[in-house]
Structure formats: structure tokens, C-alpha cells
Amino acid sequence: MKDTIEATVTAAQDAATKNVEQAVAYTKEQVEKVSKQVFTAYDELAGLQKETVDAVLASSNILAKGFEALSKSVIAFTQSQLEQSVSVAKAAIGVKTLKELVDLQTEYARSSFDALVAETTKVSEMTVKVANEAAEPLTARVNATVEKLSKVKLAA
1 MKDTIEATVT AAQDAATKNV EQAVAYTKEQ VEKVSKQVFT AYDELAGLQK ETVDAVLASS
61 NILAKGFEAL SKSVIAFTQS QLEQSVSVAK AAIGVKTLKE LVDLQTEYAR SSFDALVAET
121 TKVSEMTVKV ANEAAEPLTA RVNATVEKLS KVKLAA
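Under UniProt numbering, the first residue of the sequence shown is numbered 1, with each subsequent residue one higher.
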């Protein structure tokens, strides 16, 4: 009977040892699998961050160039309006009748208003164009990031 008990205890110990070894091996395998996925995801995230910074820089450059063009346009418009004002003032000095002065002033007001409307339209169009162009790198980056993140699979 002692031999039977010892055999049963030994068999139970062997079975328990085997189960523990299998559990340890399975756990080790799962940890390695998850670790590999975590490191891969980290590498991809680091790449995404670099690409995002590049997109922000590209967008900033587009904005800077756009604002430079807008500033030049506004300065050119202001200069042309100032030159026109000086020209009208000189012409006003040489008028001979009140009607000539009123006609000159009316034409100046009309042309100034038309120029202002045209310049405002131009500036609005430039602003929309710059905003859309500046958004393109960021939009592309967001779309690429969402696409990459949607493909990430975690171990079950």
C-alpha cells in the first residue's frame, strides 16, 4: 500500500509539474508574442509622429508663403490706392468748375469702391486657397494615421 501511495503521489507530482511547465511555456510564448506586437506598434507610432511633424511643418510653410503673398497683395493695393488718391488730388487742384470737381470725385469714389470690392474678392479667394492647401498635408496625415491604426491587431 505504501508503494501505491508513493506511486500516486509521484504521478500527481509529475502531472502537476508537467501542467506548471506547460503553463509557463504558454505564458512565455504569449508574453513574447505581445512584446513583439508592442515593439512593432511603438516603432510604427514613432514613425507616425515623425510623419505628423513633417505634415505640420509642410502646412506651416504653406501658411507662411500664403500670408506672404496676401501681405504683398494688400501692400500693392494700398500703394495703388495711395497713388490714385495723389493723382486725383493733383487733378482736383486743376479743375475749373464745381461740376468738374464733383465728377472727378464721383469717378474716384466709384473706381475706389470697385477696386476695393475686387481686392476683397481676391484676398478672400487667396485666403480660402491657402487654407485648403495648408490643410492638405494635415488631412492626408490624419487619414494615413487612421488607416494604420485601424490595421493594428492585438494578441488574443
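Backbone N, C-alpha and C fix where the C-beta goes; we use that ideal spot for every residue, glycine too.
Grouping DSSP H, G and I as helix and E and B as strand, with all else coil, what is residue i?
i	result
Thr8	helix
Gly94	coil
Asp14	helix
For residue i, report the span of its alpha helix (DSSP H) as first-last.
i	result
Val128	Leu98 to Lys151
Between residue i and residue j, is the Cβ-Cβ spacing less than 8 Å?
i	j	result
Glu119	Phe77	yes
Leu63	Ala134	yes
Thr127	Leu70	yes
Val123	Ser80	no
Leu138	Ala55	yes
Val88	Leu104	yes
Relative to the ligand MN, is the shortest distance from any of its heavy atoms to the C-beta of residue i smaller than 7 Å?
i	result
Val24	In the structure on display, the ligand MN does not appear, and there are no ligands present to speak of.
Cβ contact check for the segment 136-148 and the segment 43-51: 3 or more pairs under 8 Å:
yes
Count the CB pairs spanning the segment 23-42 and the segment 81-94 that are closer than 8 Å, and state whether there are at least three.
no
With three or more C-beta pairs closer than 8 Å as the rule, is the segment 66-85 touching the segment 122-134?
yes
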